[in-house]
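Under the numbering used here, think of the first position of the sequence shown as 162, with each following residue one higher. Encoded as structure tokens, the structure appears first; notes follow it.
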Amino acid sequence: MLEGKKIVLCVAGGIAAYKVVEVASKLRQRGAEVHVIMTREAKEFVTELTFREITGQPVASDMFAPVAHFNVEHIALANLADAVLIAPATANVIAKAACGIADDMMTTTLLATRAPIFFAPSMNSNMLTNDVTQENIKKLTARGWHLIEPASGHLACGTSGKGRLPEPMELVETIDEFFSAEKTLVGKNVLVTAAGTREPIDPVRYIGNRSSGRMGYSIAQEAVARGANVTLVSGLSALSVPRGLSEFISVETAAEMRSAVLERFSKADIVIKAAAVADYRAKVVAENKIKKNDDEWTLTLEKNPDILKELGQKKKAGQILVGFAAETQHLLENAKTKLEKKNLDFIVANDVTKPNAGFNTETNLIKILSRDGSIEEFPLMKKRDLAAKILDRVESIMK
Ligand code: CTP
Numbered sequence: 162m163l164e165g166k167k168i169v170l171c172v173a174g175g176i177a178a179y180k181v182v183e184v185a186s187k188l189r190q191r192g193a194e195v196h197v198i199m200t201r202e203a204k205e206f207v208t209e210l211t212f213r214e215i216t217g218q219p220v221a222s223d224m225f226a227p228v229a230h231f232n233v234e235h236i237a238l239a240n241l242a243d244a245v246l247i248a249p250a251t252a253n254v255i256a257k258a259a260c261g262i263a264d265d266m267m268t269t270t271l272l273a274t275r276a277p278i279f280f281a282p283s284m285n286s287n288m289l290t291n292d293v294t295q296e297n298i299k300k301l302t303a304r305g306w307h308l309i310e311p312a313s314g315h316l317a318c319g320t321s322g323k324g325r326l327p328e329p330m331e332l333v334e335t336i337d338e339f340f341s342a343e344k345t346l347v348g349k350n351v352l353v354t355a356a357g358t359r360e361p362i363d364p365v366r367y368i369g370n371r372s373s374g375r376m377g378y379s380i381a382q383e384a385v386a387r388g389a390n391v392t393l394v395s396g397l398s399a400l401s402v403p404r405g406l407s408e409f410i411s412v413e414t415a416a417e418m419r420s421a422v423l424e425r426f427s428k429a430d431i432v433i434k435a436a437a438v439a440d441y442r443a444k445v446v447a448e449n450k451i452k453k454n455d456d457e458w459t460l461t462l463e464k465n466p467d468i469l470k471e472l473g474q475k476k477k478a479g480q481i482l483v484g485f486a487a488e489t490q491h492l493l494e495n496a497k498t499k500l501e502k503k504n505l506d507f508i509v510a511n512d513v514t515k516p517n518a519g520f521n522t523e524t525n526l527i528k529i530l531s532r533d534g535s536i537e538e539f540p541l542m543k544k545r546d547l548a549a550k551i552l553d554r555v556e557s558i559m560k
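In structure tokens form, the structure reads like this:
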């Protein structure tokens, strides 16, 4: 998918710059035309010559130097790029970009380009977790920049923690994936719910569940990649907000999720309810922290509204409604009942007792049960790949 794509690779001054030589090489092997921009500091780590040889293109660095092969205009690379990748994205470059500073070739290009920008932060973990860096990263992702999460492990400064540049292949795959998704959902409004709800008991306690939100976030990401207008309604999650969403709504309780979803339902073409909604909430939420007194304590719960069931009742012709069924027993039987009771187009059933499946894992093991009685089974797969399968199924119904 990278064949003929023009990738501007921005190499900033971090020790991980050496790994980016391999990124440039792999991108080129996959057919991309790679143009490297280096900061002055990056050249302390890797030479211009290395990148020039690997990419077969001149390396841009000094804004005022005479340029051999490409347009001398200093924003030429900004215009030419199909995508920009910053690796390593140092705290300094991230900070400058977040503020709109354009004081060298790289930051000028970043400010001028309209191409999608991917950035892979890589630095000492204290620098990374510093509030200012975190705020800057958030500013950039809020502007639609695509964050490539740093990996954890040994760091060049002798410590270990989060802040490593991911393996070169991972960076290449991220770019490749971006170009490979066919824009099959352009113009479609997709509403996704994710993560678990929390039902308060008193000011410090709540009833919650183990959902990380990963399945729903992956579906939202895949829908964005396919060109849809995506709204994500999410319970609390430690994951970063996927880039490119039309709207992100953070909710806490099932009641909040219900109103956020109902408000947007009539405009949605496709609704995928991956959230783990608490079925019950405390009948009375204590105003003050409940003190321990007796040996036993009874908490009275009342039923939460079933959001999905309500959507199933309101569903209009042409709207596609997808639910999830997290089960620990009688998987198919229970999922089938939910499919019918909630008037869904299909249901994604997963047995959460299976290893590496269900809550808080990178992978999942699912079966898709449809209205026509068909059952599609998938092997243990990454949630992002399953998200693609789920949307493939949606698209086949749309046809
Ligand atoms: N769901 C919902 N509102 C609820 C409960 C569930 O919208 N109050 C949705 C979930 O987002 C999911 C589907 O319904 O898509 C099934 O959720 P699940 O927890 O598996 O089933 P329940 O309907 O709650 O049934 P049970 O708890 O008896 O298994």
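Where a beta carbon is used, it is the ideal one built from N, C-alpha and C, also for glycine.
Asked	Found
Length at least 3, wholly inside the region 267–292: the beta strand (DSSP E) runs in chain order	278–282
In DSSP terms, what proline 540 is bridged to	According to DSSP, which records beta bridges pairwise, proline 540 is partnered with nothing at all.
Contact test: aspartate 507 Cβ vs ligand 1 heavy atom, cutoff 6 Å	First, the residue type needs correcting, since residue 507 is phenylalanine and not aspartate in the sequence shown. For ligand 1, not one heavy atom lies less than 6 Å from the Cβ of phenylalanine 507.
Cα-Cα separation between leucine 397 and threonine 345, rounded to whole angstroms	30 Å
Spatial distance of glycine 369 from phenylalanine 280 (CA atoms)	34 Å
Endpoints, the beta strand (DSSP E) within which glutamate 501 is located	Not the beta strand (DSSP E): glutamate 501 falls in the alpha helix (DSSP H), residues 492–502.
DSSP-derived helix/strand/coil call for phenylalanine 340	helix
Unbroken beta strand (DSSP E) run spanning threonine 392, endpoints	390–395
Closest by C-alpha distance to threonine 489, when choosing among Asp456, Gly519, Tyr179	Gly519
For arginine 325, the first and last residue of its enclosing alpha helix (DSSP H)	Where arginine 325 is concerned, there is no enclosing alpha helix (DSSP H), although the beta strand (DSSP E) it sits in stretches over 321–325.
Spatial neighbours of proline 220 in its chain, beta-carbon cut-off 7 Å, leaving aside the 5 residues before and after	According to the sequence provided, residue 220 is valine. The question's proline does not apply to it. Around valine 220: Val197, Met199, Glu209, Phe212, Arg213.
Spatially closest choice to lysine 167 from Val182, Ile176, Glu194, Gly377, by CA coordinates	Glu194
Closer than 6 Å: lysine 475 CB and nearest ligand 1 heavy atom	no
Alpha-carbon spacing of glutamate 556 relative to lysine 349, whole angstroms	11 Å
Isoleucine 431 - partner residues in DSSP beta bridges	Val351, Ile481
Lysine 497 beta carbon less than 7 Å from that of leucine 469	no
For lysine 444, the nearest candidate out of Ser427, Asn465, Ile451 (CA to CA)	Asn465
Rounded straight-line distance, which links the Cα of serine 313 to that of aspartate 292	18 Å
Candidates Leu541, Arg545, Leu547, Ala510, of which the one nearest serine 535 by Cα	Ala510
Serine 379, enclosing alpha helix (DSSP H) - first and last residue	375–386
Span separating the alpha-carbon of asparagine 525 from that of alanine 548	10 Å
Reduced DSSP secondary structure (H/G/I, E/B, other) of arginine 189	helix
Check: alanine 487 C-beta below 6 Å from any heavy atom of ligand 1	yes
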